[in-house]
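Using our numbering, the letters of the sequence shown correspond one by one to residues 6 to 232.
Glycine included, C-beta positions come from ideal geometry on N, C-alpha and C.
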Amino acid sequence: MRILLIEDEAKLASFIKKGLEEQGYCVSVESNGSKALETAAVNQFDLILLDIMLPGQNGFEVLKNLRDFSVNTPIIFISALSESDHVIRGLDLGAVDYIKKPFDFEELKARIRNVARKFTSERASILKVEDLVIDLINREVNRSGQAINLSKREFSLLQLLMNNANRVVSKTEIIDKIWDVQFDMSSNVVEVHMHQLRKKVDSDFAKKLIETKIGYGYRILGSLEKR
6 MRILLIEDEA KLASFIKKGL EEQGYCVSVE SNGSKALETA AVNQFDLILL DIMLPGQNGF
66 EVLKNLRDFS VNTPIIFISA LSESDHVIRG LDLGAVDYIK KPFDFEELKA RIRNVARKFT
126 SERASILKVE DLVIDLINRE VNRSGQAINL SKREFSLLQL LMNNANRVVS KTEIIDKIWD
186 VQFDMSSNVV EVHMHQLRKK VDSDFAKKLI ETKIGYGYRI LGSLEKR
């Protein structure tokens, strides 16, 4: 799950980012409303956590402009503005939830899980290619009934490959969708993660599902089922 956190309090943003990444989420951070609007408009996110009091554009303006641009990513407001009229305004503009600062981090995680359940219920929560199954809600993977333990990056990589079954996914696309935009293209970290993923998914099975297309990228072979 890719999350855009729009928060100008650096310490709080760092705390939220670290905590959510430990839960397996991929988190990008913006501190300026105008810059965040641009980032959200040109990149695909599964959820946006949005403060209200921001430089550039405030959170209400960001949300309104995103909806005007037909960006329908679910948005949760996180704000110290706790008066009922602020909450009502945020929800009326189209936010799916509103969390008041200060908040309990466990509550934030629960709110995110709730949005994930609602959001993925409109799409697929289970992906299956051949005998490989990934549960997007519970973040579980198994092949032929055998559980496979993946890191957060490996899980995101596998999800990306399965959603694009039989299509070669380039290193550039992988970096764009899973790593930060400041990623060093000369790094071999994608290759390292793909090597580890293939060991976990394929090494104990006769049929190999993940294929490397040298000079192009990677793909997973088989018919995709979603439910």
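Could you tell me the boundaries of the beta strand (DSSP E) in which residue i lies?
{"i": "serine 33", "result": "31-35"}
{"i": "arginine 224", "result": "222-225"}
{"i": "leucine 9", "result": "7-11"}
{"i": "lysine 218", "result": "215-218"}
{"i": "lysine 231", "result": "229-231"}
Relative to the C-alpha of residue i, which residue among the options is closest?
{"i": "asparagine 168", "options": "Ser156, Lys182, Leu155", "result": "Lys182"}
{"i": "methionine 58", "options": "Glu12, Val134, Tyr221, Glu145", "result": "Glu12"}
{"i": "threonine 177", "options": "Glu26, Lys22, Ser191", "result": "Ser191"}
{"i": "leucine 226", "options": "Gly61, Asp207, Gly220", "result": "Asp207"}
{"i": "arginine 2", "options": "Val134, Ile104, Met199, Phe50", "result": "For the chain, the structure presents residues 6 to 232; residue 2 sits outside this window and is missing."}
{"i": "serine 87", "options": "Leu98, Asp97, Lys105, Leu71", "result": "Lys105"}
{"i": "leucine 202", "options": "Asn77, Ser156, Glu35", "result": "Ser156"}
{"i": "methionine 4", "options": "Phe210, Ile8, Gly222", "result": "Absent from the model: residue 4. The displayed extent of the chain is 6 to 232, so no value can be given."}
What is the rounded straight-line gap between the Cα of residue i and the Cα of residue j?
{"i": "glutamate 66", "j": "aspartate 189", "result": "33 Å"}
{"i": "aspartate 90", "j": "isoleucine 81", "result": "16 Å"}
{"i": "serine 126", "j": "asparagine 119", "result": "Unreliable placement is indicated for serine 126, whose pLDDT of 48 sits below 50; no coordinate value is reported for it."}
{"i": "phenylalanine 110", "j": "glutamate 43", "result": "28 Å"}
{"i": "lysine 218", "j": "arginine 224", "result": "8 Å"}
{"i": "alanine 115", "j": "aspartate 136", "result": "31 Å"}
{"i": "glutamine 164", "j": "alanine 100", "result": "26 Å"}
{"i": "valine 32", "j": "lysine 213", "result": "31 Å"}
{"i": "proline 60", "j": "valine 92", "result": "20 Å"}
{"i": "asparagine 63", "j": "glutamine 28", "result": "28 Å"}
{"i": "lysine 69", "j": "lysine 40", "result": "15 Å"}
{"i": "proline 107", "j": "alanine 85", "result": "7 Å"}
{"i": "serine 175", "j": "arginine 144", "result": "24 Å"}
{"i": "alanine 170", "j": "valine 138", "result": "13 Å"}
Along the alpha helix (DSSP H) that carries residue i, what are the first and last residues, could you check?
{"i": "lysine 205", "result": "194-207"}
{"i": "glutamate 178", "result": "176-183"}
{"i": "glutamate 27", "result": "15-27"}
To the nearest whole angstrom, what separates the beta carbons of residue i and residue j, a pair I think is in contact under 8 Å?
{"i": "isoleucine 5", "j": "valine 195", "result": "Examination of residue 5 is not possible in this model, given that the chain is present from 6 through 232 alone."}
{"i": "isoleucine 83", "j": "leucine 55", "result": "7 Å"}
{"i": "serine 130", "j": "leucine 141", "result": "5 Å"}
{"i": "phenylalanine 50", "j": "isoleucine 8", "result": "6 Å"}
Under 7 Å: does the beta carbon of residue i sit that close to some heavy atom of the ligand MG?
{"i": "leucine 68", "result": "For the structure depicted, the ligand MG is absent and the ligand set is empty, with no information on it obtainable."}
* Can you check the region 34-111 for any alpha helix (DSSP H) of at least 4 residues that lies completely inside it and give the ranges in chain order? => Uninterrupted alpha helix (DSSP H) stretches at least 4 residues long and entirely within the region 34-111 occur at 38-47, 64-73, 89-98, given in chain order.
* Unbroken stretches of the alpha helix (DSSP H), 4 residues or longer, contained in the region 118-174 -> Listed in chain order, they are 157-168.
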